[in-house]
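Have a look at the structure below before the remarks.
Number of protein chains: 2
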Amino acid sequence: MDKLFVIKIGGNVIDDENSLSILLKQFASIDGKKILVHGGGKLATRLAAKMEIPQQMVDGRRITDAETLKIVTMVYAGYINKNIVAQLQSQACNAIGLCGADAGLILAHKRQHPTIDFGFVGDVDTVNAVILKTLLDQSIAVVIAPITHDEKGQLLNTNADTIAQEIAKAMSNSYETHLIYTFEKAGVLLDVTDENSVIPRIDPIYYKKLKEPVDGHSRIFAGMIPKLDNAFAAVDSGVKEVIIGKAEQLKELIAGKAGTTISND
Amino acid sequence: MDKLFVIKIGGNVIDDENSLSILLKQFASIDGKKILVHGGGKLATRLAAKMEIPQQMVDGRRITDAETLKIVTMVYAGYINKNIVAQLQSQACNAIGLCGADAGLILAHKRQHPTIDFGFVGDVDTVNAVILKTLLDQSIAVVIAPITHDEKGQLLNTNADTIAQEIAKAMSNSYETHLIYTFEKAGVLLDVTDENSVIPRIDPIYYKKLKEPVDGHSRIFAGMIPKLDNAFAAVDSGVKEVIIGKAEQLKELIAGKAGTTISND
């Protein structure tokens, strides 16, 4: 099977022109099939402020009302997505920018919650692997904005981490799929205050050990546990490995020379 | 050769939710291969006003400065494009929304003018017919936003009429291509004050006659002449026919039952 890299980049990279440029150069130079999933960044928040659209947070989550959906559609699927594509084209990387409505790529439904109305937030149902395969097999890199649709004409704001994971899972029947999450740290740290304490590899046995409480606390930062649970869910669903690390080190992450690799092997 | 319909819709349709919905239903029901090229509409102007970005007009043309480019990228390639795609998906029409940077679809260069700096306005160089053919041959309808790129990382604001024409020309080697321009009138009128005076067919001989001055004026409205010159340029470059008429009558336009058909036959 051919290798496929599914790479998720977050707002911190998108907001920093220089970091983004470094990341995209490294992405362009990856040999083989690749998908980039990007998040939002601060532009949407700034635009909402400028347009005097109040941003509602409930339980630490942003509510997507109709006006906010308009903004994230413009910023994520328009401005950010097309600028990434144009930059990749300038690096001789033939890229195509899509959102989840395009070619029926990601079908989702409006989030149901017993007490909170999240508005136009979507949870993923299915990924159309066929269209992705068609594009990848023509040596086109796919850049995906975190906007999905419900097949009834409604666009939905969807978590980019989840999109990356669902795409990696859906593609793992066709490719040896490597899912890379970039964030602000160099990887999963044994000591959250020490950037040099990156754990290079975590398998299920070691993960169990890491979660065991020492003096009432797990050995790794509690905030990492949902990320790692998701990573193991991905490898359990056929993804070859999940790599977590710094965006600026993308090349090293892919080569297994930086970050933390999560796998069942 | 298979038939291909390239349909351009303008701002007047996009700004009217009801007209757009009617148009998209008719577009979805077209049997066979189809491309929709859309223009802008008033949302970009409203957003620029809200964001206090002054819009500069020189010689009746809008100057695209960096901030205006940001807005048209967000509105055209983001909001309008993705909402059209989502609506088509809800009509069981599998559509994909692209701008000219995506998959290197439309290469352009910054407009050169001896005295006016148009800013980030692009004039079309080439159309990538291969990627369009790949998508069309998978029964995917392509929705195109009037944003192009220069292959050096720069997005460019580009006239949607020109994009529709260049795409139709590029595709006419592979398909029997029909180019449809929708606008606010029912077609080319013999008497501009009478909507019932639509000329059903214009060939080069008749066109010459229509342009002959009677009492110092051409027989057709002078404003139509550049449109018709472009239409004949398209048919001279291999496009089967150009049809001009009302967006709400798309079905009739395609069936040759409304509007004005321009061809060399």
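If you're matching them up, the sequences are chains A and B in order.
Residue numbering for the first sequence follows the working numbering, starting at 16 and increasing by one per position.
Residue numbering for the second sequence follows the working numbering, starting at 16 and increasing by one per position.
C-beta: ideal position from N, C-alpha, C; glycine also.
Counting contacts by CB-CB distance shorter than 8 Å, is residue 46 of chain A in contact with chain B?
Reading the first sequence from its first residue, position 31 is the one you call residue 46 of chain A. Not an interface residue.
Would you check if the distance between the CB atom of residue 89 of chain B and the CB atom of residue 145 of chain A is smaller than 8 Å?
Position 74 of the second sequence, counting from 1, holds the residue named residue 89 of chain B. Position 130 of the first sequence, counting from 1, holds the residue named residue 145 of chain A. Cβ atoms of residue 89 of chain B and residue 145 of chain A: not closer than 8 Å.
Going by beta carbon distance, what residues of the same chain come within less than 6 Å of residue 256 of chain A, once the five residues before and after it are set aside?
For the purposes of this step, residue 256 of chain A is identified with residue 241 of the first sequence, where counting begins at 1. Same-chain partners within the cutoff: 193, 276, 278.
Any residues in the stretch 146-167 of chain A with a beta carbon nearer than 7 Å to a beta carbon of chain B? Which ones, in chain order?
149, 153, 155, 162, 164, 166, 167
Using the C-alpha atoms, what's the distance from residue 225 of chain B back to residue 245 of chain B?
Here residue 245 of chain B refers to the residue found at position 230 of the second sequence. Here residue 225 of chain B refers to the residue found at position 210 of the second sequence. Each residue's Cα considered, the two are about 16 Å apart.
Contact check, residue 149 of chain B vs residue 122 of chain B under 8 Å by CB: the rounded distance?
Taking the first residue of the second sequence as 1, we reach residue 149 of chain B at position 134. Taking the first residue of the second sequence as 1, we reach residue 122 of chain B at position 107. Not really, about 18 Å apart at Cβ, beyond 8 Å.
I think residue 108 of chain A touches residue 43 of chain A, with their Cβ atoms under 8 Å apart; what is that distance to the nearest whole Å?
The count along the first sequence starts at 1 and reaches residue 108 of chain A at position 93. The count along the first sequence starts at 1 and reaches residue 43 of chain A at position 28. That pair is a contact at about 4 Å.
Do we get a CB-CB distance below 8 Å when we pair residue 264 of chain B with the residues of chain A?
Position 249 of the second sequence, counted from the first residue, corresponds to residue 264 of chain B. Chain A, which has no Cβ nearer than 8 Å to the Cβ of residue 264 of chain B, makes this no.
Please decide whether residue 170 of chain A counts as near chain B, where near means a Cβ-Cβ distance under 8 Å.
The residue you call residue 170 of chain A lines up with position 155 of the first sequence. Residue 170 of chain A counts as touching chain B.
Just mark residue 130 of chain B as buried or exposed, buried being the case when its beta carbon has 16 or more other beta carbons within 10 Å.
By one-based count along the second sequence, residue 130 of chain B stands at place 115. So residue 130 of chain B ends up on the exposed side.
Looking at the secondary structure, which residues open and close the alpha helix (DSSP H) in which residue 246 of chain B lies?
Within the second sequence, residue 246 of chain B is the residue found at index 231, counting from 1. Residue range 239-251 is occupied by the alpha helix (DSSP H) that includes residue 246 of chain B.
Run down chain A in chain order and give the residues with a C-beta less than 9 Å from the C-beta of residue 134 of chain B.
The count along the second sequence starts at 1 and reaches residue 134 of chain B at position 119. Here the premise fails: no neighbours, minimum Cβ distance about 16 Å.
When burial is assigned at 16 or more other CB atoms within 10 Å of the CB, is residue 127 of chain A buried or exposed?
In the first sequence, residue 127 of chain A corresponds to position 112, counting from 1. The residue is exposed, with fewer than 16 neighbouring Cβ atoms inside 10 Å.
Would you mind telling me which residues of chain A sit closer than 7 Å to residue 54 of chain B, beta carbon to beta carbon, in chain order?
Here residue 54 of chain B refers to the residue found at position 39 when the second sequence is read from its first residue. Within 7 Å Cβ-Cβ: nothing; residue 54 of chain B doesn't reach chain A, min ~15 Å.
Should residue 161 of chain B go down as buried or exposed, given a rule of 16 or more other Cβ atoms within 10 Å for buried?
Mapped onto the second sequence, residue 161 of chain B falls at position 146. The residue in question, residue 161 of chain B, is buried, as its Cβ has 16 or more Cβ neighbours within 10 Å.
I'd like to check one pair, residue 195 of chain B with residue 21 of chain B: are the Cβ atoms closer than 8 Å?
The count along the second sequence starts at 1 and reaches residue 21 of chain B at position 6. The count along the second sequence starts at 1 and reaches residue 195 of chain B at position 180. Contact flag set, yes.
Would DSSP call residue 95 of chain A helix, strand or coil?
To locate residue 95 of chain A, count along the first sequence from 1; it is residue 80. If DSSP states are grouped into helix, strand and coil, residue 95 of chain A belongs with the helices.
Hey, could you find the ends of the alpha helix (DSSP H) residue 133 of chain A is sitting in?
For the purposes of this step, residue 133 of chain A is taken as the residue at position 118 of the first sequence. Premise fails: residue 133 of chain A is in no alpha helix (DSSP H) and is neither H nor E.
Looking at residue 249 of chain B: is its Cβ nearer than 8 Å to the Cβ of residue 54 of chain B?
Taking the first residue of the second sequence as position 1, residue 249 of chain B is located at position 234. Taking the first residue of the second sequence as position 1, residue 54 of chain B is located at position 39. Not a contact, by the Cβ cut-off of 8 Å.
Between residue 178 of chain A and residue 139 of chain A, is the Cβ-Cβ spacing less than 8 Å?
For the purposes of this step, residue 178 of chain A is taken as the residue at position 163 of the first sequence. For the purposes of this step, residue 139 of chain A is taken as the residue at position 124 of the first sequence. Yes, the pair counts as a contact, with Cβ atoms nearer than the cut-off.
Anyone know if the C-beta pair for residue 163 of chain A and residue 116 of chain A falls short of 8 Å?
In the first sequence, residue 163 of chain A corresponds to position 148, counting from 1. In the first sequence, residue 116 of chain A corresponds to position 101, counting from 1. Yes, the pair counts as a contact, with Cβ atoms nearer than the cut-off.
Helix, strand or coil: how does DSSP classify residue 235 of chain A here?
Numbered from its first residue, the first sequence carries residue 235 of chain A at position 220. Residue state, collapsed to three classes: coil.
Compute the Euclidean distance between the alpha carbons of residue 58 of chain B and residue 100 of chain A, then round it to the nearest angstrom.
Taking the second sequence and counting its residues from 1, the one referred to as residue 58 of chain B is at position 43. Taking the first sequence and counting its residues from 1, the one referred to as residue 100 of chain A is at position 85. About 24 Å.
Whose C-beta lies closer than 7 Å to the C-beta of residue 97 of chain A among residues of the same chain, with five residues either side of it excluded?
Position 82 of the first sequence holds residue 97 of chain A. Correct list, in chain order: 112.
Taking all protein chains shown into account, decide if residue 274 of chain A is buried (16 or more other Cβ within 10 angstroms of its Cβ) or exposed.
Taking the first sequence and counting its residues from 1, one reaches residue 274 of chain A at position 259. With 16 or more other Cβ atoms within 10 Å, it is buried.
Is it true that the CB of residue 95 of chain A sits closer than 8 Å to the CB of residue 56 of chain A?
Counting from one through the first sequence, the residue named residue 56 of chain A turns up at place 41. Counting from one through the first sequence, the residue named residue 95 of chain A turns up at place 80. Contact annotation: residue 56 of chain A and residue 95 of chain A have beta-carbon atoms nearer than 8 Å.
Helix, strand or coil for residue 61 of chain A? Go by DSSP, reduced to three states.
By one-based count along the first sequence, residue 61 of chain A stands at place 46. Residue 61 of chain A: helix per DSSP, three-state reduction.
Say whether chain D places a C-beta atom closer than 8 Å to the C-beta of residue 174 of chain B.
Structure shown: chain D not included; protein chains present are A and B.
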